[in-house]
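Structure record follows, encoded as structure tokens.
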DNA sequence: CGTATTCCCTGCACGC
DNA sequence: TGCGTGCAGGGAATAC
């Protein structure tokens with residue numbers, strides 16, 4: 004599902020098609036995804052040129068002159084660049100028509116995604132309280148250790164909190180915790196500084212490798228050229244409940260944690 | 001403030 | 001074959 008690597012894969016795929024292109028029209032086949040699509044997307048964006056395609060956390064920002072289009076893929080969203088004449092299918096909610104003869108098409112069956120507008124010079128409230136980027140300077144084990152003191156929530160929920168560190172969702176939390184040898188149910192405040200340093204390194208490695216492999220495709224995700232992500236073959240624990248641990252052979256355990264499927268190796272993770 | 005729970009939505013895998 | 005049920009999950013909203 005779209006976590007940081009899938010959003011970054013999308014960003015990299017979109018950039019060459021969008022940079023320097025003018026949005027000639029916006030086609031809204033649905034007025035709201037998770038939230039109503041604000042008027043400036045329809046009224047202000049057409050005629051403007053895309054000057055940058057950025058990512059912050061799991062959000063994509065298409066920078067234009069008077070503001071930025073802010074996109075979130077939610078659970079099932081994907082963006083494709085297609086020839087303008089390509090007929091729209093079910094759940095193809097929005098097209099940004101480009102002066103290149105292509106359209107940027109937003110497809111999202113479950114409609115947990117969003118398309119919002121951020122006026123130039125302002126920061127959208129959704130972006131205001133986000134934690135550091137895990138692949139940038141400013142994120143390390145000490146940051147996690149300091150944030151976690153006194154927190155009794157399970158460490159898995161803690162590292163998925165976007166105010167603590169961004170971009171880590173259910174899949175990559177499970178994978179990074181496995182690589183760091185940390186049990187997902189352990190209280191965040193009881194995890195040592197050294198363990199958080201291991202986790203930070205593991206998270207960087209998992210995210211970077213997943214980006215190299217074009218993300219993880221379980222069902223819906225595709226890159227803008229339609230390609231699936233191949234990191235699914237590298238998953239050590241996610242989706243493997245009851246199967247043997249690839250390190251020690253122990254049967255992987257699973258349970259629901261804060262509404263999320265959680266998987267771990269009872270031997271390798273403490 | 002922190003934590004746990006609910007809800008939004010559709011498609012698909014199940015079991016009967 | 002078809003129908004009901006449960007699950008998938010990002011993250012805001014809500015309750016405590």
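In our numbering, the protein residues as written are 4 to 273. Just so it is clear, CB atoms sit at the ideal spot from N, CA and C, and this is done for glycine as well.
Which term fits residue i, buried or exposed, when burial requires 16 or more other beta carbons within 10 angstroms of its beta carbon?
{"i": "residue 61", "result": "buried"}
{"i": "residue 155", "result": "exposed"}
{"i": "residue 95", "result": "buried"}
{"i": "residue 196", "result": "exposed"}
{"i": "residue 17", "result": "buried"}
{"i": "residue 222", "result": "exposed"}
{"i": "residue 34", "result": "exposed"}
{"i": "residue 220", "result": "buried"}
{"i": "residue 5", "result": "buried"}
{"i": "residue 213", "result": "buried"}
Taking only the alpha-carbon atoms, compute the straight-line gap between residue i and residue j and give it to the nearest angstrom.
{"i": "residue 7", "j": "residue 170", "result": "4 Å"}
{"i": "residue 234", "j": "residue 215", "result": "8 Å"}
{"i": "residue 157", "j": "residue 224", "result": "28 Å"}
{"i": "residue 65", "j": "residue 141", "result": "24 Å"}
{"i": "residue 149", "j": "residue 198", "result": "13 Å"}
{"i": "residue 240", "j": "residue 104", "result": "43 Å"}
{"i": "residue 57", "j": "residue 257", "result": "36 Å"}
{"i": "residue 272", "j": "residue 185", "result": "5 Å"}
{"i": "residue 192", "j": "residue 121", "result": "36 Å"}
{"i": "residue 49", "j": "residue 114", "result": "23 Å"}
{"i": "residue 200", "j": "residue 145", "result": "7 Å"}
{"i": "residue 231", "j": "residue 172", "result": "18 Å"}
{"i": "residue 100", "j": "residue 15", "result": "19 Å"}
{"i": "residue 20", "j": "residue 252", "result": "46 Å"}
Which same chain residues end up closer than 6 Å to residue i when comparing Cβ atoms and leaving out the 5 residues on each side of it in sequence?
{"i": "residue 117", "result": "36, 37, 38, 75"}
{"i": "residue 205", "result": "179, 182, 183"}
{"i": "residue 125", "result": "none"}
{"i": "residue 166", "result": "132, 134"}
Reducing DSSP to helix, strand and coil, say where residue i ends up.
{"i": "residue 18", "result": "helix"}
{"i": "residue 109", "result": "strand"}
{"i": "residue 244", "result": "coil"}
{"i": "residue 189", "result": "coil"}
{"i": "residue 207", "result": "helix"}
{"i": "residue 96", "result": "strand"}
{"i": "residue 251", "result": "coil"}
Just to check my reading of the structure: residue i and residue j have Cβ atoms closer than 8 Å, yes? What is that Cβ distance to the nearest angstrom?
{"i": "residue 255", "j": "residue 267", "result": "7 Å"}
{"i": "residue 98", "j": "residue 24", "result": "Rounded, the Cβ-Cβ distance is 13 Å, inconsistent with contact."}
{"i": "residue 70", "j": "residue 43", "result": "6 Å"}
{"i": "residue 12", "j": "residue 63", "result": "Rounded, the Cβ-Cβ distance is 11 Å, inconsistent with contact."}
Looking at the ligand ATP, does it come within less than 7 Å of residue i, judged from the CB to the closest heavy atom?
{"i": "residue 202", "result": "Inclusion of the ligand ATP in the displayed structure is not the case, the ligand content being empty and no account of it being possible."}
Can you find the residues in the same chain that come closer than 7 Å, C-beta to C-beta, to residue i, ignoring five residues on each side of it along the sequence?
{"i": "residue 159", "result": "176, 180, 187, 260, 265"}
{"i": "residue 55", "result": "66"}
{"i": "residue 10", "result": "58, 61, 63, 76"}
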